[in-house]
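Protein chains in written order, with this note's numbering: chain A, 39 to 329; chain B, 3 to 156. Report on one structure; see the data block that follows.
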Amino acid sequence: MNYALFLGCTIPARSRNYEMSARRVAEKVGLSLVDVEEFVCCGFPAKNSDREFSETLGGYNLALAQQRGMDICVLCSSCASALTETAHRLSSDPRARDRVNGRIAAAGLRYDGDVRVRHFARLLLEDVAPETITSRCERDLTDLRVAVHYGCHYLKPSEIYDGFDDVEAPDSVEALLRLAGVDVVDYPSKKMCCGGPVLPVDEKLALAVAHEKLTQLRDAGAEALCLVCPFCSVMYDGNQKGIESEFDESYGLPVLYLTQILGLAMGFGRKELGLNMNVVKTKKLLARYFE
Amino acid sequence: MKRIDLDAADPGFAEALASQPGGERIAACFMCRTCVASCPISAVDRRFHPLRIIRLALYGLKQEVLASDFIWLCSSCYACQERCPQGVKISDFMTLLKNLAVKEGHVPRGIRAQLDLIREHGRIYPIDDFDNKKRNKAGLPSLPTSCDVVAKLA
């Protein structure tokens, strides 16, 4: 089955390592991702200022996927949440659907409400057999101590995600890491927000939120943090140095995307997975696999 | 803490909120503070206090709520909404308040900037030729460097 690959804004411009590794992993497990050049912003960044405009953007993207007869695969959790929420509203609220269709008609489109939106990690769990994943893993990662940050919009609001995973006891990302043989580390603030959405409003406050988690991860003995969202990466990878100097801490914690870790297990090289593009250097952590 | 002036209240505000998505259940709030205890922002900055915002709104203190910058400190993480025993859609309620604040002209510069970028470029990080060069070098396909369609949708 083909999935329309929804990259969103952040990934193609700032997280090429995520995109590269996701494409590698998808190909390896037989998920066919199709590029749709016409996709625009998912609507998430506009939701707080103009919710109807946000729904129009979402509806436009959904209609593009419908036109191609495909469901949508997203890599960014904010895109997952915004598009899933809009898909839900447009299939359950005829007035909202009429309003959005009135807008997107200007682009020659119409949405009838049957496109499914799923995060790449969810697709791996639901549409790929676990033995396919394990059989593709050839590199032994049992000594890699990885902690997972779920972030918020990958799972919430739960009412739009049809019972996927458990908001209070999430396990889906860890389940995938276990399939790849990774040693998963638990820590107290696993479910806590990264603080990213507050960044354009109050940078210092956003950094304070991320600081809490980085400290707990260090104390738990994690060697790396695993993410499924590029916004969270902006906080933990992009801003880690800033947090260290703001709060007089020292972490040096490599922050990897789930797809980079799975790709590593599947035998890909550093550059094939964009591991040289992560802000906190990964070379020392991964030296044991590339010597 | 600032004293609140109930004479400045708008008696119809709470009712108007209750008829919009996110506001349906606010009157059911019984002040248990589960939202405050779950809030990652309240944990590091006491200015943000979801329960106080709900109470101010129920008292009808419209200007106090909409003109304040503290509604913008909500990170939309949904931790409170998932746990509210009264089914108040707190994160959706914050989204509603932020939308109303924008209509009244109160919007943080960073949020306004994102909206302007989407309207002009269709994305918050516009792609230029240099980005495409880097994408191609990484084996990734080029993306459009301009977007006319969003202007038609707005």
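Glycine included, each C-beta is placed from N, C-alpha and C at the ideal position. It should be emphasised that the depicted structure is a prediction, and the values quoted were computed from it without experimental measurement.
{"query": "Identity of the residue in Leu-182/A, Gln-254/A, Pro-208/A nearest Tyr-225/A by Cα", "result": "Gln-254/A"}
{"query": "Residues of its chain near Val-46/B, where Cβ-Cβ distance is below 6 Å and the 5 sequence neighbours each way are ignored", "result": "none"}
{"query": "Unbroken beta strand (DSSP E) run spanning Asp-221/A, endpoints", "result": "221-223"}
{"query": "Test item: CB-CB of Gln-104/A and Tyr-149/A under 8 Å", "result": "yes"}
{"query": "CB contact check: Gly-151/A to chain B, cutoff 8 Å", "result": "no"}
{"query": "Three-way DSSP call (helix, strand, coil) for Val-67/B in this model", "result": "helix"}
{"query": "Host beta strand (DSSP E) of Ala-262/A (start-end)", "result": "262-265"}
{"query": "Counterpart residues of Val-138/A in DSSP-defined beta bridges", "result": "In the DSSP output, where bridge partners are listed per residue, Val-138/A has none listed."}
{"query": "Residue environment, Leu-8/B, which counts as buried when at least 16 other CB atoms sit within 10 Å", "result": "exposed"}
{"query": "Under 8 Å from the C-beta of Thr-97/B: neighbouring residues of chain A", "result": "Lys-85, Asn-86, Arg-89"}
{"query": "Sub-8 Å separation of Cys-86/B and Thr-36/B beta-carbons", "result": "yes"}
{"query": "Below-8 Å beta-carbon distance, Cys-149/B vs any chain A residue", "result": "yes"}
{"query": "Rounded C-alpha distance that separates Gly-301/A from Val-205/A", "result": "26 Å"}
{"query": "The segment 187-204 of chain A touching the segment 76-95 of chain B, judged by at least three CB pairs closer than 8 Å", "result": "yes"}
{"query": "Contact test: Phe-132/B Cβ vs the ligand MG heavy atom, cutoff 7 Å", "result": "Ligands displayed in this structure: none; no statement on the ligand MG is therefore possible."}
{"query": "Contact list for Val-155/A against chain B, beta-carbon separation under 8 Å", "result": "Here the premise fails: no neighbours, minimum Cβ distance about 17 Å."}
{"query": "Residue-level contact to chain A via CB, Tyr-127/B, 8 Å cutoff", "result": "yes"}
{"query": "Buried or exposed by the 16-neighbour rule on C-beta atoms within 10 Å, applied to Asn-99/A", "result": "buried"}
{"query": "Status (buried if at least 16 other CB within 10 Å, exposed otherwise) for Asn-40/A", "result": "exposed"}
{"query": "Sub-8 Å separation of Ala-84/A and Leu-145/B beta-carbons", "result": "no"}
{"query": "Three-way DSSP call (helix, strand, coil) for Cys-111/A in this model", "result": "strand"}
{"query": "Interface flag, Glu-75/A vs chain B, CB-CB below 8 Å", "result": "yes"}
{"query": "Strand pairing of Asn-40/A, partner residues [DSSP]", "result": "Ser-70/A"}
{"query": "Within-8 Å CB hit, Val-239/A to chain B", "result": "yes"}
{"query": "Neighbourhood of Leu-58/B by C-beta, 6 Å cutoff - its chain only, sequence neighbours within 5 removed", "result": "Glu-66, Val-67"}
{"query": "Terminal residues of the alpha helix (DSSP H) in which His-249/A lies", "result": "241-257"}
{"query": "Same chain only: Cβ atoms within 6 Å of Ser-116/A, ignoring 5 sequence neighbours per side", "result": "Phe-82, His-191, Phe-269"}
{"query": "Within-8 Å CB hit, Ala-145/A to chain B", "result": "yes"}
{"query": "Nearest neighbour of Ile-49/A, chosen from Gly-24/B, Ala-156/B, Arg-137/B, Ile-120/B [CA to CA]", "result": "Arg-137/B"}
{"query": "Terminal residues of the alpha helix (DSSP H) in which Leu-294/A lies", "result": "Taken as a continuous stretch (DSSP letters only), Leu-294/A belongs to no alpha helix (DSSP H), being part of the beta strand (DSSP E) at 293-295."}
{"query": "Among Val-112/A, Cys-47/A, Ala-51/A, Glu-90/A, nearest to Ala-60/A - alpha-carbon criterion", "result": "Val-112/A"}
{"query": "Neighbouring residues, chain A, relative to Ile-100/B (Cβ below 8 Å)", "result": "First, the residue type needs correcting, since residue 100/B is Lys and not Ile in the sequence shown. Chain A residues near Lys-100/B: Asn-86, Ser-87."}
{"query": "C-beta atoms of Leu-75/B and Phe-50/B nearer than 8 Å", "result": "yes"}
{"query": "Stretch-stretch touch, CB-based, cutoff 8 Å, three pairs: the segment 141-161 of chain A with the segment 118-129 of chain A", "result": "yes"}
{"query": "Whether Thr-94/A touches Val-138/A by CB criterion (8 Å)", "result": "yes"}
{"query": "Residue environment, Glu-164/A, which counts as buried when at least 16 other CB atoms sit within 10 Å", "result": "exposed"}
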